[in-house]
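These protein sequences, in sequence, are chains E and W. The numbering of the first sequence is this note's numbering, which starts it at 70 and goes up by one. The numbering of the second sequence is this note's numbering, which starts it at 34 and goes up by one. Shown next, in structure tokens, is the structure this report addresses.
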Amino acid sequence: SHDYHFGLEDHEGISELFDCD
Amino acid sequence: PPQTPIRAAMTSIQQLRGELPSSGDQPSTNLATYFKNCTVDPSQAVQKRLEMLGQLFSQKFGEAVGPRCVAYGRQRFALGVRLYYKVMEEMLNSEEKRLSVQNFSKLLNDSTFHTSLLACALEVVMATYEESSFKNGRYSNGGSDHAGVDVCFPWILNVFSLAAFDFYKVIESFIKAEPTLSKDIIKHLETCENLIMERIAWRTGSPLFELLKQEQESGAAEQVEAPAS
Numbered sequence: 070s071h072d073y074h075f076g077l078e079d080h081e082g083i084s085e086l087f088d089c090d
Numbered sequence: 034p035p036q037t038p039i040r041a042a043m044t045s046i047q048q049l050r051g052e053l054p055s056s057g058d059q060p061s062t063n064l065a066t067y068f069k070n071c072t073v074d075p076s077q078a079v080q081k082r083l084e085m086l087g088q089l090f091s092q093k094f095g096e097a098v099g100p101r102c103v104a105y106g107r108q109r110f111a112l113g114v115r116l117y118y119k120v121m122e123e124m125l126n127s128e129e130k131r132l133s134v135q136n137f138s139k140l141l142n143d144s145t146f147h148t149s150l151l152a153c154a155l156e157v158v159m160a161t162y163e164e165s166s167f168k169n170g171r172y173s174n175g176g177s178d179h180a181g182v183d184v185c186f187p188w189i190l191n192v193f194s195l196a197a198f199d200f201y202k203v204i205e206s207f208i209k210a211e212p213t214l215s216k217d218i219i220k221h222l223e224t225c226e227n228l229i230m231e232r233i234a235w236r237t238g239s240p241l242f243e244l245l246k247q248e249q250e251s252g253a254a255e256q257v258e259a260p261a262s
């Protein structure tokens, strides 16, 4: 089996990663 | 019946196709509403970008695999577009819940975001097909003319002139947004992540260096622990 390790915190999402508020 | 490598590969492709709506080559009503809620409606730019990247993808796919395979390239691109729209919609649903906003104008007008998301969707499609190609031996001719290898990651980054660091940004959100991805595909995306983190993001010209410079300048007052030798 393989489980992806999620590194993003709950308060982070795709908007923050592309510098959008 | 017993599970053979060919049967397993065909099942993966059928599953991928089955999980995508047949009408998914256009944004769903929900996704179109997100586009309309934007300060600047990105619909036309999204459509134009897909046309341009679709032509580029088919051309490069033909160059890598062979001119007779251009049609297969178009098929894979079409499947990638359906996955791109599906994952984008799910990402926006999550972001709406998390941030309590419905206007994603800045994100949805960011060309790098769209190109990265599409590249990730195409990588999932390509990995599903490549896995089957290796398993059924279509490309396994034992020689150096190993066509299947040519379209594996990081091939897509070169096709779209996409920085590995920007591709890296979408991977985790992509996996979160698409819970039907198989363990093999998740493992493949994780391998891409590791390749970027360990090697590709550190090549000359990577946007990572500029980002590190900005970070260093903005946090100059902070005390940073000296690295161990």
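The beta carbon of each residue, even a glycine, is placed where N, CA and C say it ideally should be. Predicted, not measured: the structure shown is a model, and the values here were computed from it.
Pick from the options: whose alpha carbon is nearest that of residue i?
i, options, result
"serine 91 of chain W", "W:Gln80, W:Leu83, W:Lys81, W:Ala104", "W:Ala104"
"serine 215 of chain W", "W:Val158, W:Asn227, W:Ile229", "W:Val158"
"glycine 113 of chain W", "W:Ser149, W:Thr224, W:Val134", "W:Ser149"
"histidine 74 of chain E", "W:Phe242, W:Glu226, W:Cys185", "W:Glu226"
"glycine 238 of chain W", "W:Ile46, W:Lys220, W:Glu248, W:Ala197", "W:Ala197"
"serine 61 of chain W", "W:Lys81, W:Ile219, W:Leu125", "W:Leu125"
"serine 45 of chain W", "W:Ala234, W:Thr213, W:Tyr67, W:Val73", "W:Thr213"
"phenylalanine 186 of chain W", "W:Tyr118, W:Leu155, W:Ser56", "W:Leu155"
"aspartate 183 of chain W", "W:Lys93, W:Asn63, W:Ala97", "W:Ala97"
"leucine 116 of chain W", "W:Asn191, W:Leu89, W:Ala210, W:Val192", "W:Ala210"
"phenylalanine 87 of chain E", "W:Asn70, W:Ile219, W:Tyr201", "W:Tyr201"
"tryptophan 188 of chain W", "W:Lys93, W:Leu132, W:Cys102, W:Leu222", "W:Lys93"
"glycine 95 of chain W", "W:Arg109, W:Leu83, W:Ala261", "W:Arg109"
"aspartate 72 of chain E", "W:Lys246, W:Ala42, W:Gly252, W:His221", "W:His221"
"glycine 76 of chain E", "W:Arg40, W:Arg232, W:Val203", "W:Val203"
"glutamate 52 of chain W", "W:Leu228, W:Glu250, W:Thr66, W:Val120", "W:Val120"
"leucine 190 of chain W", "W:Cys153, W:Leu83, W:Lys130", "W:Cys153"
"glutamate 85 of chain E", "W:Leu83, W:Leu132, W:Gln36, W:Lys246", "W:Leu132"
"isoleucine 208 of chain W", "W:Glu123, W:Arg232, W:Ile233, W:Glu129", "W:Glu123"
"threonine 66 of chain W", "W:Glu231, W:Glu129, W:Pro260, W:Arg232", "W:Glu129"
"leucine 82 of chain W", "W:Leu151, W:Gly57, W:Ser206", "Residue 82 of chain W is actually arginine in this sequence, not leucine. Checked all of W:Leu151, W:Gly57, W:Ser206; the closest Cα to arginine 82 of chain W is W:Leu151."
Taking residue i as part of the alpha helix (DSSP H), name the residues at either end of that continuous run.
i, result
"glycine 99 of chain W", "Per DSSP, glycine 99 of chain W belongs to no alpha helix (DSSP H) and is neither H nor E."
"glutamate 243 of chain W", "240 to 251"
"tryptophan 188 of chain W", "188 to 192"
"cysteine 225 of chain W", "216 to 231"
"valine 203 of chain W", "197 to 210"
"serine 84 of chain E", "83 to 86"
"alanine 65 of chain W", "62 to 69"
"serine 138 of chain W", "138 to 141"
So which residues of chain E does residue i contact, with C-beta pairs closer than 7 Å?
i, result
"methionine 124 of chain W", "Ile83"
"arginine 131 of chain W", "Gly82"
"glutamate 205 of chain W", "Phe75, Gly76, Leu77"
"glutamate 211 of chain W", "In chain order: nothing, as chain E lies at least about 11 Å away."
Cβ closer than 8 Å: which chain E residues qualify as neighbours of residue i?
i, result
"leucine 116 of chain W", "By Cβ distance, chain E contributes nothing, its closest Cβ being about 16 Å from leucine 116 of chain W, past 8 Å."
Which chain E residues sit within Cβ distance under 9 Å of residue i?
i, result
"isoleucine 208 of chain W", "Tyr73, Phe75"
"glutamate 128 of chain W", "Gly82, Ile83, Ser84"
"lysine 202 of chain W", "Ile83, Leu86, Phe87"
Give me the chain B residues within the contact set of residue i, using Cβ-Cβ distance strictly less than 8 Å, ordered along the chain.
i, result
"valine 120 of chain W", "Of the protein chains in the structure, E and W, none is chain B."
Which whole-angstrom value describes the C-beta separation of residue i and residue j, a residue pair presumed to lie in contact below a C-beta threshold of 8 Å?
i, j, result
"alanine 78 of chain W", "asparagine 142 of chain W", "7 Å"
"aspartate 199 of chain W", "threonine 145 of chain W", "5 Å"
"leucine 195 of chain W", "tyrosine 118 of chain W", "Between tyrosine 118 of chain W and leucine 195 of chain W the Cβ distance is about 19 Å, and since that is not below 8 Å, they are no contact."
"threonine 72 of chain W", "serine 138 of chain W", "4 Å"
Any heavy atom of the ligand HEM within a distance shorter than 7 Å of the CB on residue i?
i, result
"arginine 107 of chain W", "This structure simply doesn't include the ligand HEM, nor any ligand for that matter."
Residues of the region 134 to 148 of chain W whose Cβ lies closer than 8 Å to any Cβ of chain E, in chain order: If you check each beta-carbon in the region 134 to 148 of chain W against every beta-carbon of chain E, the ones closer than 8 Å belong to Phe137, Lys139, Leu140, Asp143, Thr145, Phe146.
Contact residues within the region 55 to 74 of chain W, judged by C-beta distance below 7 Å to chain E: none
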